[in-house]
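**Q** Using full-length UniProt numbering, read the sequence shown as starting at 1 and increasing by one per residue.
Glycine residues also receive a C-beta, built at the ideal position from the N, C-alpha and C atoms.
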Amino acid sequence: MKRVYYAKKKRRAQQTQGDDSSHKKERKLYNDGFDDDNHDYIIKNGEKFLDRYEIDSLIGKGSFGQVVKAFDHEEQCQVAIKIIKNKKPFLNQAQIEVKLLEMMNKADADNKYYIGKDKIVKLKRHFMWRNHLCLVFELLSYNLYDLLRNTNFRGVSLNLTRKFAQQLCTALLFLSTPELNIIHCDLKPENILLCNPKRSAIKIVDFGSSCQLGQRIYQYIQSRFYRSPEVLLGIPYDLAIDMWSLGCILVEMHTGEPLFSGANEVDQMNKIVEVLGMPPKHILDQAHKARKYFDKMPADASYVLKKPKDGKKYKLPGTRRLHDILGVESGGPGGRRLGEPGHSVSDYLKFKDLILRMLDFDPKTRVTPYYALQHNFFKRTADEGTNTNTAGSASTSPAVVAPLVDASSPQAAVSSRARSDPTTSHHHAVYAAGSYTASAATQTAMDCDSFPTHFHHSHHGHRAPPRYPVGGFYPAPPPNPGAWAQDSGAGKSGSDREDSPMVGVCVQQSPVVSH
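1) Report buried or exposed for K350, applying the criterion of at least 16 other Cβ atoms within 10 angstroms of its Cβ.
2) Suppose you measure from the CA of L193 to the CA of R380; what does that come to, to the nearest Å?
3) Within the stretch 266–351, note down every full beta strand (DSSP E) run reaching 3 residues or more, in order along the chain.
4) Across the stretch 250–263 and the stretch 138–157, are there enough close Cβ pairs to call them in contact, namely three or more that are closer than 8 Å?
5) Measure the alpha-carbon distance for M243 versus M358 and round it to whole angstroms.
6) Could you tell me the boundaries of the alpha helix (DSSP H) in which H184 lies?
7) How would you write the range of the alpha helix (DSSP H) that S141 sits in, first residue to last?
8) Leaving out five residues on either side along the sequence, give the residues of the same chain with a beta carbon under 7 Å from the beta carbon of L354.
9) Going straight from the alpha carbon of D362 to that of V328, what length do you get?
10) In the DSSP output, which residue or residues are listed as bridge partners for Y53?
11) Taking the straight line between their C-alpha atoms, what separation do you get for F34 and E74?
12) Are the CB atoms of V266 and Y293 within a distance shorter than 8 Å?
13) Helix or strand or just coil, what does DSSP make of K119?
14) Return the CA-CA distance between Y218 and Q268, expressed in angstroms with no decimal places.
15) Use the C-beta contact count for P89: other C-beta atoms within 10 angstroms, 16 or more gives buried, fewer gives exposed.
16) Mapping DSSP to helix, strand and coil, what is P355?
17) Report the CB separation of Y303 from K281 in whole angstroms; it is logged as a contact under 8 Å.
18) Should the stretch 118–125 be called in touch with the stretch 170–180, which here means at least 3 C-beta pairs below 8 Å?
19) Contact check, S245 vs K163 under 8 Å by CB: the rounded distance?
20) Buried or exposed: which applies to R467, given that a residue is buried once 16 or more other Cβ atoms fall within 10 Å of its Cβ?
21) Going by DSSP, name the residue or residues bridged to L58.
22) Given that a residue counts as buried once 16 or more other Cβ atoms are within 10 Å of its Cβ, and exposed if not, what is N181?
23) Using the beta-carbon count (16 or more within 10 Å), is S346 buried or exposed?
24) For K61 and K85, what's the separation of their Cα atoms in angstroms?
25) What does DSSP give as the partner residues of M128 in its beta bridges?
26) Keeping to the same chain, check which residues put their C-beta closer than 6 Å to that of Q93; ignore five residues upstream and five downstream.
27) Taking its Cβ as the centre, do 16 or more other Cβ atoms sit within 10 Å of A109, making it buried, or is it exposed?
28) Rank T365, L58 and Y145 by C-alpha distance to the C-alpha of V68 and give the top, closest one.
29) Mind checking who L193 pairs with in its DSSP beta bridge?
30) Just the Cα atoms here: how many angstroms apart are D370 and D360?
31) As a quick exercise: from H343, I272, Y41 and E230, pick the residue whose alpha carbon is nearest that of A287.
32) Can you name the start and end residues of the alpha helix (DSSP H) that V251 belongs to?
33) State yes or no: is the C-beta of K352 within less than 8 Å of the C-beta of L326?
34) What's the call for M104, buried or exposed, on a 16-neighbour Cβ count within 10 Å?
35) Quick check on this structure: which residue in I83, N270, R366 and L29 has the alpha carbon closest to the alpha carbon of Y41?
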């Protein structure tokens, strides 16, 4: 009997080994051997796609697939190719991305009408290669997270933050044009790339999570640190979610740290409330996820924060002031900008005011790109110089008229809660009587504005490892204001910093930093 038992056991072991070897064989034969068992194309340096694109190296990887640097022998230039997984859901989503990118390419093909188009990564073409959809992009440089990392997370100057802010506002202005109405849905430092490591020009990349207004089919969107209150609360969202993300990004670029670094959605909301105070009652009344974060008091139907289940302690609502985070009256974040040109109390008050408008809990009164661009933060003052090669100078700020926002409007009358402090592209422009015109002179100045080089290798515990995402004077009309205040449906699966989709591009040069 023992002999029979052990004979059967041996036979089972042999079968198992046979199964293992057959599985290994199968794994090698995915897509006729061109794919790995994760449905990613097996990259071979030196391989040519379409007898045109010579693969140089793998520069990015994500849930969608991979990004490689390649040389285009036809156009004699380097490109970034996003190779989508050979899997139907990823192909379907990438096809939406292609559609949106092509729409943006076709909008104002002559670049005569809309400003901000040049702040969006350019899709050069796309093709199928061995059952993989391949998207060919211009090759860009480092992302803004890399830039922060190389400041040892101390942040960039207010002047450079201003330049980034203006370019990003023009990009959002372009996306909000009526024929586009595109919501990026995953705006964060990793998805904003320098065009050149020694210049301040930037572009937004990775439209893999994006959608058009009215075509939202997902609810879980935006990386957590930059997730808007309406998404956290389950309220219908619109283009205003990108403005919220931008407000968070700008604070982070100057301070060096995320404004709201929640470990989960409940922690995220609590961190927002610490700075911004409680969301307005009318917002919570329409939020089907309000009970995830707040308790409704039976006596007066007001809301209070739920007691954290993990026992974590938070500051009282609105007591972690943005005023203090920015160091408005104390020489900037951590006092590091004390006495530095372009970092006066007046400069910080303008910056803080713009951020407060971007971080309005109510998406209907949150500042739009059109009005953000007219904010005094972007107005060059008389005492500023004209030397565009000085990193500490704010001289390349655009000349804009005073904000058109009426003092009694919701944007201007930021609530006492927000005033006591809130929570969670590259063209310069001149505004005149509401018309938007590109200033060629200012654009040239921007193009010539280089950074001093300070390259640091550093690690910072509070962030995930860096990622490599890619990806005349003509009037432009105001964007469709309705696009920023319409009800909407659900949106796409977005993700946290650790697992967001990405379009990787990177050039092999050290990023540069402006202090």
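**A** Quick answer:
1) Taking the first residue of the sequence shown as 1, we reach residue 350 at position 350. It is buried - the Cβ of K350 has at least 16 other Cβ atoms within 10 Å.
2) Position 193 of the sequence shown, counting from 1, holds the residue named residue 193. Position 380 of the sequence shown, counting from 1, holds the residue named residue 380. Going by the C-alpha atoms only, they are around 25 Å apart.
3) With a minimum length of 3 residues, the continuous beta strand (DSSP E) runs that stay inside the stretch 266–351 are 294–296 and 303–305.
4) The stretch 250–263 vs the stretch 138–157: in contact.
5) Taking the first residue of the sequence shown as 1, we reach residue 243 at position 243. Taking the first residue of the sequence shown as 1, we reach residue 358 at position 358. Between M243 and M358, the alpha-carbon positions lie close to 6 Å from each other.
6) One-based indexing of the sequence shown puts residue 184 at position 184. Segment: none, H184 is in no alpha helix (DSSP H) and carries neither H nor E.
7) Within the sequence shown, the letter at position 141 stands for residue 141. Looking at the DSSP string, S141 is not in any alpha helix (DSSP H), and its letter there is neither H nor E.
8) As a first step, residue 354 must be located in the sequence shown, where it is residue number 354. Counting only Cβ-Cβ distances below 7 Å, and skipping sequence neighbours, we find A372, H375 and F377.
9) The residue given as residue 362 occupies position 362 in the sequence shown. The residue given as residue 328 occupies position 328 in the sequence shown. Cα to Cα, D362 sits roughly 25 Å from V328.
10) As a position in the sequence shown, residue 53 is number 53, starting the count at 1. In the DSSP assignment, Y53 is bridged to F49 and D72.
11) Against the sequence shown, residue 34 aligns to sequence position 34. Against the sequence shown, residue 74 aligns to sequence position 74. Each residue's alpha carbon lies about 25 Å from the other.
12) Here residue 293 corresponds to residue number 293 of the sequence shown, with the count starting at 1. Here residue 266 corresponds to residue number 266 of the sequence shown, with the count starting at 1. Their beta carbons are under 8 Å apart, which means Y293 touches V266 by this criterion.
13) Residue mapping note: residue 119 aligns to position 119 of the sequence shown, counting from 1. K119 falls in the helix class under three-state DSSP.
14) By 1-based counting over the sequence shown, the position of residue 218 is 218. By 1-based counting over the sequence shown, the position of residue 268 is 268. If you take the alpha carbons of Y218 and Q268, they lie about 20 Å apart.
15) Position 89 of the sequence shown, counting from 1, holds the residue named residue 89. It is exposed - the Cβ of P89 has fewer than 16 other Cβ atoms within 10 Å.
16) Start at 1 with the first residue of the sequence shown, and residue 355 comes out as number 355. A small correction: the amino acid at residue 355 is Ile; Pro does not occupy that position in the sequence shown. Assignment of I355 by DSSP, reduced to helix, strand and coil, places it in the helix class.
17) Counting from 1 along the sequence shown, the entry for residue 303 is found at position 303. Counting from 1 along the sequence shown, the entry for residue 281 is found at position 281. In this structure Y303 is in contact with K281, their Cβ atoms being roughly 7 Å apart against a cut-off of 8 Å.
18) The answer is yes - the stretch 170–180 touches the stretch 118–125, with three or more Cβ pairs under 8 Å.
19) Reading the sequence shown from its first residue, position 245 is the one you call residue 245. Reading the sequence shown from its first residue, position 163 is the one you call residue 163. Rounded, the Cβ-Cβ distance is 18 Å, inconsistent with contact.
20) Sequence index remark: in the sequence shown, residue 467 carries index 467 (1-based). Any reading at R467 is ruled out, since the residue's pLDDT is 35, under 50, leaving its predicted position unreliable.
21) The residue labelled residue 58 in the question sits at position 58 within the sequence shown. Answer is V68.
22) As a first step, residue 181 must be located in the sequence shown, where it is residue number 181. Buried, by the Cβ-count rule.
23) The sequence position of residue 346 within the sequence shown is 346, counting from 1. Result: exposed.
24) Indexing the sequence shown from 1 puts residue 61 at position 61. Indexing the sequence shown from 1 puts residue 85 at position 85. Cα to Cα, K61 sits roughly 11 Å from K85.
25) Start at 1 with the first residue of the sequence shown, and residue 128 comes out as number 128. Looking at the DSSP assignment, M128 forms a beta bridge with L133.
26) Sequence index remark: in the sequence shown, residue 93 carries index 93 (1-based). Closer than 6 Å at Cβ, skipping near neighbours: no residue.
27) Against the sequence shown, residue 109 aligns to sequence position 109. Burial check for A109: the Cβ neighbour count within 10 Å stays below 16, so the residue is exposed.
28) The residue given as residue 68 occupies position 68 in the sequence shown. It is L58 whose Cα lies nearest to the Cα of V68.
29) As a first step, residue 193 is located in the sequence shown; it is residue number 193 there, counting from the start. In the DSSP output, where bridge partners are listed per residue, L193 has N143 and K203.
30) Counting from 1 along the sequence shown, the entry for residue 370 is found at position 370. Counting from 1 along the sequence shown, the entry for residue 360 is found at position 360. First, the residue type needs correcting, since residue 370 is Tyr and not Asp in the sequence shown. The alpha-carbon atoms of Y370 and D360 are separated by roughly 16 Å.
31) Looking up residue 287 in the sequence shown gives position 287. Minimum Cα distance to A287 is reached at E230.
32) Translated into the one-based positions of the sequence shown, residue 251 becomes position 251. Taken as a continuous stretch (DSSP letters only), the alpha helix (DSSP H) holding V251 covers A240 to T255.
33) The count along the sequence shown starts at 1 and reaches residue 352 at position 352. The count along the sequence shown starts at 1 and reaches residue 326 at position 326. Result yes, Cβ atoms of K352 and L326 sit closer than 8 Å.
34) The residue you call residue 104 lines up with position 104 of the sequence shown. So M104 ends up on the buried side.
35) Here residue 41 is taken as the residue at index 41 of the sequence shown, counted from 1. Minimum Cα distance to Y41 is reached at I83.
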